[in-house]
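Quick note, the sequences are listed as chains A and B, same order.
For the first sequence, our numbering assigns the number 1 to the initial residue and increments by one for each residue that follows.
For the second sequence, our numbering assigns the number 340 to the initial residue and increments by one for each residue that follows.
Here the structure is laid out as structure tokens; the discussion comes afterwards.
2 protein chains.
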Amino acid sequence: MQKRQFNRAPAMRDVAQAAGVSAQTVSRVLSDHPNVQEVTKRRVLAAVEELGYRRNNTARALVTGLSRTIGVVTLATNNYSRSSLALGVELAAREAGYAVNSVTSNLSTQGLTEAVSRLVQQGVDGLIIAAPLQEAARRVREITARIPTVTTDGSSGMSDELVGVDQESAVVLATNHLLGLGHRTVWHVSGPPEWSDAASRLDSWRRALEKAGREVPPELHGDWSPESGYRSGLILGRMPDVTAILVASDEMAFGVIRALTELGRRIPEDVSVVGIDDIDLAAYATPPLTTVRQSFEDTGRRAVFHLLEQIENPEAEHTHQVVEPTLVIRKSTAPPPSV
Amino acid sequence: MQKRQFNRAPAMRDVAQAAGVSAQTVSRVLSDHPNVQEVTKRRVLAAVEELGYRRNNTARALVTGLSRTIGVVTLATNNYSRSSLALGVELAAREAGYAVNSVTSNLSTQGLTEAVSRLVQQGVDGLIIAAPLQEAARRVREITARIPTVTTDGSSGMSDELVGVDQESAVVLATNHLLGLGHRTVWHVSGPPEWSDAASRLDSWRRALEKAGREVPPELHGDWSPESGYRSGLILGRMPDVTAILVASDEMAFGVIRALTELGRRIPEDVSVVGIDDIDLAAYATPPLTTVRQSFEDTGRRAVFHLLEQIENPEAEHTHQVVEPTLVIRKSTAPPPSV
DNA sequence: TACTAATCTGTTATCGATAACAAGACTAAC
DNA sequence: GTTAGTCTTGTTATCGATAACAGATTAGTA
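Structure representation (structure tokens):
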């Protein structure tokens, strides 16, 4: 009489029995331990093959305390930066033999703490938080106290774990490009201020203008969406002395361009527009968008590497590298109209 | 002498001890079992609070055989459909109290089987495969034999688990819109043939033209990328009798529009262009893109619901619903130029 | 030869929870 | 007052692996 083995997945002891060895030996073979005879190893592997055995990661995780899984928190909006960062994390994690557990959240303190909580409870070995924490920072820190954590947005005050792109130089590149073309000054459509990337772009833009001795016009606020860019564009397009606009994301830049076009202002003849990100569609805007490339996919990858360092070598000092962005000049920028 | 309790996360027995009850009682309280005295419950919850206890999901999964995690396989390319589907899955899973484990793959049989394998080994309760399986179907089926699985691309031959959008009517909507404007026929830039969505769009386009008694021109093949749309556009733009183009995705449509614009063909005065998907940027194309809306986020959500039904009620019959797409008319379509 | 060291394999305890069973206290019904 | 039934709690076995220890065999060396 069998013991309801009917449809159960084979366990290690089934393999052991089939190979005529102990479970421990099977474990050793599968973990590539050195001291196993070649013959035994072959017998075990044959049994594994025959039974279609797969090691149960849950059981492994329980006894080793390591799940080889990392958790990722992103915001629940489908924009380019989110998805390409997630993709980068995914790819890098896979290469390193880690699985990825992802959770989305809104911007609220409650949402973020819940998201992090969930992942911790799932037993992840480390965490990547790709969202501005702000007031949630303190509670999140408590929850993640025992777990290596990397944040990709600096607003959290967890700055020692930050991984990002050099926003300052991104903006300086763009601003100087426009000033270099002869524009008197550069207007700015910024991202939502709770994102540290947006905040530091705003900041750097101001400083770049000041440094060049130009007038600093008031900024307009967007929320990363093309709609918000469109609304800003409707305002800027009505102001005749606006000849150059730096938009904090390509997606908003599409909205700005649309609004300007509807108002009859030609790009780049009347107004120059520069975006940031270099999304796939930027080259296919009308006109093709001049922008500052920063690879979110790469940021995701680096976040993973940084995290794995912390996981596998917790004692060491970890410096956070910053990546240099590059300016991609297309057709949306030109010298200002001669007066 | 303590037993290296130094920095260990508290376990259930720690809570039990603190509350002066057995571990089983703690378990019962946390699982909302009915037969626990109010007083006891309060004492347990107080201890949980005090120690900052979180239930270990790994241990639960091991003993219950359920991880409350679902696995998602997507392709490793960052396009709109992938990311919004993933987002939909994410959100729906969270609402249902499930975690999401995501893996990306390439299109190869090996890549796909490995991806699925990984997830199975991670111990997911169910699988969503958002990639065309094709020849991988057989091996994947073997691997997922014991696990509920939903595919969102029909090319797999696992059709009984399919969840999707009615591609036929999407294309008919678009084609008839163009014919209704007076175009003699409609050209088509298709997606990669290994995607069943692309294949059925191609098919439906042909049949729609035949049914209307129109000439069926040869189709051009793209790969979902804006670049491929651009290349197709460079060809179509040189053919003076092309006045209406149905593009199998909005992202490719951006490329087509760019190419046509560069060749001096005005949209929609000279050529009408219709996309499919209604991505966020479609409304901000130049001109705003007429397209057929189909919500990938929604497809993701429905895939989850469908999967959870299978998980929680394996015996029942599960019919796969199909969603009706809607035509969104913007500015990229108009009657053909009068000759 | 004898004694140490290195290889190989097996046994037992353990990770942190839940399932299944058991037992005591109390209530209800005859 | 006994018996059965409900409510509440505890005890033990178990999920599937690995760690730690231990025993047996072989090899190496004084």
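All C-beta atoms, glycine included, are put in the ideal place defined by N, C-alpha and C.
- If only uninterrupted beta strand (DSSP E) runs of at least 3 residues are considered, those enclosed by the region 603-655 of chain B are 611-616 and 629-632.
- Secondary structure at B/Gly493: helix, using DSSP grouped into helix, strand and coil.
- Neighbours of A/Gly123 in chain B, taken as residues whose beta carbon is under 8 Å from its own, are Asn395, Asn396 and Thr397 in chain order.
- In chain B, no part has a C-beta under 8 Å from the C-beta of A/Asn106; the shortest such distance is about 11 Å.
- The beta-carbon distance between B/Val555 and B/Val581, rounded to whole angstroms, is 14 Å. This is too long to meet the 8 Å contact definition.
- A direct Cα-to-Cα measurement between A/Leu30 and A/Pro325 gives close to 44 Å.
- Assignment of B/Ser441 by DSSP, reduced to helix, strand and coil, places it in the strand class.
- Ranked by Cα distance from B/Val504, the first of B/Ala355, B/Thr638 and B/Ala348 is B/Thr638.
- By the rule that beta-carbons nearer than 7 Å mark a contact, A/Val100 touches chain B.
- About 5 Å separates the beta carbons of B/Ser671 and B/Pro626, which is inside the 8 Å limit, making them a contact pair.
- Of A/Thr25, A/Ser105, A/Glu90 and A/Val89, the smallest CA-CA separation from B/Gly427 is found for A/Ser105.
- Between the C-alpha atoms of B/Ile650 and A/Ile257 there is a straight-line separation of about 48 Å.
- Bridge partners of A/Ser190 according to DSSP: A/His221.
- For B/Gly603, the nearest beta carbon of chain A is not closer than 7 Å to its own beta carbon.
- Here B/His527 is buried, its C-beta having at least 16 other C-beta atoms within 10 Å.
- With respect to the 7 Å criterion, B/Thr452 and B/Val411 are not classified as neighbours on the basis of their beta carbons.
- Under the criterion of beta carbons closer than 8 Å, B/Asp562 and B/Pro531 qualify as touching, at roughly 5 Å.
- Chain order gives no chain B residues near A/Thr291, where near means a beta carbon separation below 8 Å; the closest approach is about 14 Å.
- Here B/Thr403 is exposed, its C-beta having fewer than 16 other C-beta atoms within 10 Å.
- Here B/Val643 is not near B/Leu666, since their CB atoms are 7 Å or more apart.
- For the region 404-421 of chain B, the set of positions with a beta-carbon nearer than 7 Å to some beta-carbon of chain A reads Ser406, Ala415 and Asn417 in chain order.
- Remark: three or more beta-carbon pairs, one from each stretch, lie closer than 8 Å, so the region 69-85 of chain A and the region 123-141 of chain A are flagged as touching.
- In the displayed model, B/Thr658 falls within coil according to three-state DSSP, outside both helix and strand.
- Boundaries of the beta strand (DSSP E) around A/Ala130: Gly126 to Ala130.
- DSSP places A/Ala244 in the strand class (E or B) of the three-state scheme.
- Chain B has no Cβ within less than 7 Å of the Cβ of A/Ser249.
- Note: B/Val411 is bridge-paired with B/Ser441 and B/Ile467 in the DSSP secondary-structure output.
- As the crow flies, the alpha-carbon of B/Gln461 is around 32 Å from that of A/Gln321.
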